[in-house]
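Numbering (the numbering used here), first residue to last: 7 to 87.
Written out as structure tokens, the structure reads:
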């Protein structure tokens, strides 16, 4: 999973994973009106949505979603919606 920003602070998110026939990717533009932690949470959400079908299709039982954003980790682990 990755989060990137251009000079004008326009965020984009993406994910990459390896399948038997090569690497697959998914990416989305978030625009200028989000914070970095919102962008990270969007990336985590995107990965979580595509993760189960990928695991099923590749016969894997485990995956890891990594981030360096402490704010996003706190938000994901909170009981708030």
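All C-beta atoms in this analysis are idealised placements derived from N, C-alpha and C, irrespective of residue type, glycine included.
Note down, in chain order, each residue of its chain lying with its Cβ closer than 7 Å to the Cβ of residue 24, except the 5 sequence neighbours on either side.
Shown here for residue 24: not one same chain residue has a beta carbon closer than 7 Å to its own, the five before and five after excluded.
Take residue 42 as the anchor and find which of 77, 55, 22 has the nearest alpha-carbon.
Comparing Cα-Cα distances from residue 42 to each of 77, 55, 22, the minimum goes to 77.
To the nearest angstrom, report how far apart residue 68 and residue 16 are at their CA atoms.
Answer to the nearest angstrom: the Cα atoms are 32 Å apart.
Pick helix, strand or coil for residue 43, following the three-state DSSP scheme.
Here residue 43 sits in helix by DSSP.
Give the straight-line distance between the Cα atoms of residue 79 and residue 70, rounded to the nearest whole angstrom.
Whole-angstrom Cα-Cα distance: 13 Å.
Specify, as a first and last residue, the run of the alpha helix (DSSP H) that residue 38 falls within.
Per DSSP, residue 38 belongs to no alpha helix (DSSP H) and is neither H nor E.
Inspect the beta-carbon positions of residue 21 and residue 32 and report whether they are closer than 8 Å.
Residue 32 sits close to residue 21, with the two beta carbons spaced by under 8 Å.
Can you tell which of 39, 53, 72 has the C-alpha that lies nearest to the C-alpha of residue 30?
Distances from the alpha-carbon of residue 30 to those of 39, 53, 72 put 53 closest.
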